[in-house]
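Under numbering that gives the first Met the number 0, read the sequence shown as residues 0 to 269, first letter to last.
The structure appears right after this line, and notes come after that.
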Amino acid sequence: MIEFRNLAIASLAAATMALPPSTAFSLEAAGVLKRASDAMGATDLRTLRYVGSGSGALSGHAFKPGAPWTTLNLQRYVRSINYETASMSEESIATRAELQGGGGGLPPFGQPGERRANSFVSGPYAWNMAGSTANPAALAATDRLHELWITPHGAIKAAMRNNATLEWTVQGGRSLAAVSFAEPGRFRATVYINDKYLVEKVESRLPVPVLGETAVVTSYSEYQNFGPIMFPMQIRQIKGGHMVLDITVRETQPNTPINITVPDSVRNSR
0 MIEFRNLAIA SLAAATMALP PSTAFSLEAA GVLKRASDAM GATDLRTLRY
50 VGSGSGALSG HAFKPGAPWT TLNLQRYVRS INYETASMSE ESIATRAELQ
100 GGGGGLPPFG QPGERRANSF VSGPYAWNMA GSTANPAALA ATDRLHELWI
150 TPHGAIKAAM RNNATLEWTV QGGRSLAAVS FAEPGRFRAT VYINDKYLVE
200 KVESRLPVPV LGETAVVTSY SEYQNFGPIM FPMQIRQIKG GHMVLDITVR
250 ETQPNTPINI TVPDSVRNSR
């Protein structure tokens, strides 16, 4: 009887060690998300502005069929997000990185010129600014809202309001919480959260004009503390199998005033 009891205890201990540790993770999606929200500072985060530089690519633009998408040097990359109003602006200054190619509003490498882009989204409205002129970009709304809600804090917020489900996965010998959700009519995503309750990766799928349904993998690493929030210093994104973003963040401003107003010309264009 004693030997059987000891064997049962040993078997139970082994089984427990094989599962994700209950002290590190809740076994419910809501519990994991709550701990991640607290650890990352998402709960009280209303707005966020971050600035970085690195490299990128023009989605869907290639010098020739089958070639990588046109690569860019991102001299400056700025995102300003208001999570409460589902609004975001993106500003970039880019030059061409490769030796060949045209299109995408940029001259070939070796010729003078850079592309300055200012894009916006607010709820169902999307537009680009050319000087003081707002040009509607309705087809870009889903992609831009997708970008807003797959940011580390945005993914937590979106998962919490969209009845997320939880599974466990092992990657690189480590247990990760895989929290999946769908943003109705926009995209679906799986958020991978590590044992420090930090978002490491978001895998998502969304409809993209011309390309059709497209897989996106966005990775976040080298988190640092910025006052009330944790934020990654490295952001990388692969879209449709192509690297489209690889930046180093050098500045982060949580809860700074960000007010994005839909221009009347854009609102009336729908």
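Beta carbons are placed, not taken as given, at the ideal position from N, Cα and C, and that holds for glycine.
Model, not experiment: these values are computed from the prediction.
What are the residues that DSSP puts in a beta bridge with Glu89?
DSSP lists Arg78 and Ser118 as partners of Glu89.
What is the C-beta distance between Arg204 and Phe186, in whole angstroms, given that I count them as a contact (C-beta under 8 angstroms)?
Confirmed, Cβ separation roughly 6 angstroms.
Is it right to say Thr255 is buried, meaning 16 or more other beta carbons lie within 10 angstroms of its own, or is it exposed?
Classification for Thr255: exposed.
For Thr150, which residues of its own chain have a beta-carbon under 6 angstroms away from its beta-carbon, when the five flanking residues on both sides are left out?
Closer than 6 angstroms at the Cβ level, and outside the excluded window around Thr150, lies no residue.
Leu175 bridges to which residues according to DSSP?
Paired residue(s): Thr168.
Could you tell me the distance, in whole angstroms, from the CA atom of Glu221 to the CA atom of Arg235?
Answer to the nearest angstrom: the Cα atoms are 12 angstroms apart.
Between the alpha carbons of Ala96 and Thr217, how many angstroms are there, rounded?
The alpha-carbon atoms of Ala96 and Thr217 are separated by roughly 22 angstroms.
Tell me which residue opens and which closes the alpha helix (DSSP H) that Arg143 is part of.
Where Arg143 is concerned, the enclosing alpha helix (DSSP H) stretches over Ala140 to Trp148.
If we ignore side chains and look at the alpha-carbon of each, how far apart do Ser264 and Lys195 end up?
If I take the Cα positions, the gap works out to 45 angstroms.
Tell me, to the nearest whole angstrom, how far the beta carbon of Leu47 is from that of Ile80; I am working on the premise that it is less than 8 angstroms.
Rounded, the Cβ-Cβ distance is 5 angstroms, consistent with contact.
Is Arg269 helix, strand or coil by DSSP?
In the structure shown, Arg269 sits in coil (DSSP, three-state: anything other than H, G, I, E or B).
Out of Met128, Pro208 and Asp245, point me to the one whose CA is closest to Ser54's CA.
Of Met128, Pro208 and Asp245, the residue nearest in Cα terms is Asp245.
Taking buried to mean at least 16 other C-beta atoms within 10 Å of its own C-beta, is Glu166 buried or exposed?
Exposed, since its Cβ has fewer than 16 Cβ neighbours within 10 Å.
Is the CB-CB distance between Arg78 and Ala93 below 8 angstroms?
No, the Cβ-Cβ distance between Arg78 and Ala93 is not below 8 angstroms.
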